[in-house]
Amino acid sequence: MENVDLKTLLVEIEKKSDIRFTYLNQLSDTNKDISLAVTNKTVEEILNLVLSKKGMEFTRTGNTIAIQMRSPQNRQTAPTKKVTGIVTDSNGEPIIGANVSVKGTTTGTITDIDGHFSLEAIEGQTILVSFIGYSSKEIDITDKSSYQISMSDDTQNLDEVVVIGYGTVRKKDLTGAVGSVKSEDMMQRPSTSISQSISGRIAGVNISSNSGRPGGNQTIRIRGYSSINATNEPLYIIDGVPGDINILNPNDIESVEVLKDASSTAIYGTRGSNGVIVVTTKRGKNEITVNYNTYLSLNTVAKKLDVLNAEQFLAVEDMIYANAKKFDPNGFASGKYIDPSVKRQDYLVGNTKGKRELFKMEGGKLVPLYDIDWQDMLERNSFSQIHNLSFTGSTGKTNYGVFLGYTNDQGIVKESKLERFSGRVTVDQTVSNWLKLGTTLSYSEVKERRIDTRVGYNNVPRMMIEMIPIVPYKYDDGTYGRREDYGGMESADNPLAQINENITPYNSNIFMGNAYAKITFMKGLDFTSTIGVNRTINMNPYYNSTQSDIVNGVGGNQASITNNRSLQILWSNILNYNAIFNKMHSLNVMLGQEAQSYEYFQNVATIDGISDDYYQWYNMGAGSTLKAPSSNYTGDKMLSYFARINYSFKDRYLVTVTGRFDGSSKFGEDNRFAFFPSAALGWRASEEDFLKGNKVISNLKPRVSYGFTGNSGIPTYGSMANLSTSGMAYPFGGTRENGIGVGSLANPLLRWEKTGQFNVGLDLGFLNERISLSADYYIKHTTDMLLNAPVPTTSGFRSISTNIGNMRNSGFEFTLNTQNIQTKNFSWSSMLNFSSLKNKITALSQGDADIIMAPNNLTILRVGESVGSFFGYIRDGVWGENEAEQAAIYGKLPGDAKLRDVNNDKQINESDRVILGKGIPDFYGTFTNTFKYKDFDLVIELQYSCGSKIYWDGLGTCAMRQGIANSLSMVLDTWTPENQGATLEQIRPSNAYYNSLKDDARLYNGSFIRGKNISLGYNLPSDICKKLHLKALRVTLSAQNIFVISQYPGFDPETTVYNTTTQNEAFAQNIETFGYPKPRTFSFGANITF
């Protein structure tokens, strides 16, 4: 008998004998942990062997046997004996330092230099033997006193199954570059998104948090950038169907595989050039299990920026006036500038000029009434909670699972939040020995309140810094304080008014479902047909109240609703064949066909003059002025055929060949279809005779692959001339009539981007996998890059979608795992991820001419340089008083910014701009250490990044100009005649020739080291869990974003959030204006299994 519970064993004994069993107390043991193969044993001998392990005993009266829990007295007086033995490997060599313990007790020891051990135990107990790199072994203690125990190599890690495109493969047979994260690893770091859970765990995958808000964007880049205009996002596959991983509940995930090289991604053809992330969700299996886990978190402010207080703000205003005559003598002479000490008189308490009361007289001095720290006013400590409940089980032929989740994540900026409800049902039904059916249905509802939706002009994070400290949150009459309440200030809204009166919820409803049928024709030959549906409905309303006049640059009393919905349908058919010939040849052949359609519809309605704040967007008829509504529809289709062959000879020599033929409606008729092949070779050298059984090298597998993938992530009608109503109005009969015309040029020659990738890798294991290394070097070359390239204005158009050039990415990456210490009660293991990246433009059209790109002409495409390189002026400090004559040549004064005249033509103009740096790091990774002591475990994770630059564009308004908004306190260290070594130019009026050019004074080193995560966990011992009628109980305490070591003075070196579209995202890497701060989070978690 194998893997049966106690009751099953007793029933079987009753069937084969005249014995009858009774239970003197409740027999609650249902563990299927009994495996017996006995002959010529009496019933008593069998019971002694089985019950002693479970803390039970029996008494026999005639043919009746009563079973009960062993009394404490019997447990204490059970006779012990000395048990000795030797532990060896499969070659008979002794294993030194193996852990030998009595299962379920604290009794244990380790083997000596000759592999011997000795301990005290009770007959019927079980010895548990374990050692790194070997499969654990259990030995039942019988009447023998000495045991010879042989341990076999632990091949579980190598035999682990890895999910790849349209199938699975054993890890040891893998020829491609694939990284994997399991659910137990993801749960070490509580998070609200999968991207956060896998961040830093896979080499070659750079996941950066572009916003600290709940649900904030996570940018995922696999082996750099593959495109300059099409998407750089990887393809996300969820249970075989493309989808958005950000709407998934991380607790529902079984595993995440990241496919990186062409051998792995070519099976996805036109969608594989940016890598593929394959998500496998949990499903029901085995016995009925109920699991509940929860995380309760406290989010705190990790960093505040140092800004001017009221006294400093007024002092800077005084300096501005003092310097106005120097920098704007004509304006000063004409009375353009008012002495602040005079101006402030108009804002005294009790003034009769209709001005706000902002100052009072105290000790003969004007003193501000208010000194507001707007960061303190808007930020808070917030709480978040995550709850997950699952029911899984099997009834033999039916496996089922129900998964429920709830997340409530409150942001550290007031009113920002995310709330998510999720539910998922899975069913797998074995109908017969040739037919299996299954389905997965999931629904997710997400409600967000965002407060950082705009970049630059008037968003909340910017106003936290630039709102002046001498104006209050609200006056006594209930109206909001505004920056322009104090004369001479730039108009902008109170950030609390923005939060309270500018209401911008984001509501999403996502339904994902798939169903499959698997037909097995014969052993090794099966066919699977899957249909998947992904339906998303978003409603994004917006309301500007009567209390908000200029939020986001529009008037108050405005409401709008943006509705959009998308539908994606995928139908795939897979024929799979597996066979082994002559015990030497292993063959897998997969043939597939796939059809996909996608459609998207959006409509927008906006109205002004809402009569009352009560209505918001719920009664659009309550407005007085209806703006022209708009709507939009797009749709595309794709048809694909693909195949893969995996061949293995003698389980040593591995070959993978893949090909995919894709056709997309996005491209012109002559370039609609393309073929994407790949091939890979692997050699399991450790299975060769000259290495097999080697005590040092336990695994050695070199790999090499080459192949092509494509990129179809362009606008749906990119090859066609599009009709537009924008700018097409014309006068007719004395009135202005709307017209329609050609809005963009057609390009029927538009063709696929193609990425060829070469990869050479090595998998190494030492000392029975006590040390393991997986390393890869790759070269990716993208050709026919897509870009909206500018065209001559005489054409009547601004740009055309075209193929303009080539780009190269190369890098080295590795993951190193080590088991540093392993004793009976303590272990220490480490994991180091390292990824390097070098990006270079290798060709551009029109004679390799530079292309200067958005945002703000700050980045450039230049052959030989990295994509998204920063392009601007070099600042050589500030002109000093002894350089007055030289400064005058350039129309400057001492105290002005000193920009470098690169071409020595005695003027500063666009020809003096140079490449200043790049936003892509040279290398990045994580270093994780895991410590275990008995039932406790401690995980410490560090993240690092080196070689990138950050361009803080926001410094242009919060530091390099002064007097019309608040500033960072760094302006207190600007140039003065007494401080001529300062790097910031002398304070002056904002309209008096302050330097607004993009120079490297705003450029910072983006390298950093982050204390990413520390987590302490405790697993309740199994014997206590049994008493509590639980299968398992785990509790955790964790902290995330513990510290950051960086030269960057902004909120966070990873929070770089220039608002971009897909078309210019590659150019805006590491350009920051004002982003939502990233919180420091402390969490308590509990995971209970019933």
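The sequence shown maps to residues 0 to 1089 in numbering that gives the first Met the number 0.
Heads up, the beta-carbon is just placed ideally off N, CA and C, and yes, glycines get one too.
Since the structure is predicted, the reported quantities are computational estimates derived from the model, not experimental observations.
Whole-number beta carbon distance between residue j and residue i, since they are thought to touch under 8 Å
i	j	result
S697	S647	With 8 Å as the limit, S697 and S647 do not qualify as a contact, their Cβ atoms being about 19 Å apart.
E1093	K170	Not covered by the structure: residue 1093. The range shown for the chain is 0 to 1089.
A679	G175	6 Å
S196	P249	5 Å
T801	N746	6 Å
N273	L234	7 Å
I1051	L898	Strictly speaking, residue 1051 in this sequence is Asp, with Ile absent from that position. That pair is no contact at about 29 Å.
G924	N1012	G924 to N1012, Cβ: 14 Å. No contact.
S421	G404	4 Å
I560	P540	5 Å
Burial state of residue i (16 or more Cβ within 10 Å)
i	result
P976	exposed
P730	exposed
M488	buried
R735	exposed
K53	buried
V901	exposed
S630	exposed
V275	buried
N645	buried
F116	buried
F1042	exposed
A788	buried
L23	At L23 the pLDDT is 49, less than 50, meaning the model places this residue with poor confidence; the figure from the coordinates comes in the next sentence. Exposed.
K303	exposed
Through-space distance from residue j to residue i, alpha-carbon basis
i	j	result
A261	S677	6 Å
N556	Y336	36 Å
A1000	T982	8 Å
S135	M150	8 Å
D345	K352	7 Å
K517	L590	14 Å
M719	G738	20 Å
S544	I498	11 Å
A1038	T1080	6 Å
V424	D762	38 Å
I469	A309	6 Å
I131	R564	53 Å
G692	N670	54 Å
E232	S711	11 Å
G330	N965	23 Å
P628	A604	5 Å
G486	I859	40 Å
S623	W616	13 Å
6 Å Cβ shell around residue i - same chain, five flanking residues per side excluded
i	result
F390	V289 and V401
T1059	Low confidence applies here, because T1059 scores a pLDDT of 46, under 50, leaving its location unreliable; read the following figure in that light. Cβ within range, chain order: A1067.
G512	L440 and V532
N506	K446 and M538
E1053	S207 and S208
N816	S771 and M830
A642	L590 and G658
G764	S697, N698 and S771
D113	P93
N407	Q384 and E418
Cutoff 8 Å; reference residue i; Cβ partners in own chain excluding five residues on either side
i	result
I411	G211, N298, T299, V300, E378, R379, N380, S381, P1076 and P1078
Q311	S968 and L971
Q217	S192, S194, Q195, S198, I206, S207, S208, N209 and N245
Bridge partners - residue i, DSSP secondary structure assignment
i	result
A774	L761 and F813
R448	K416 and P504
K517	K435 and T527
N292	N387 and N1086
P676	G658
D934	Answer is none; D934 lacks a bridge partner.
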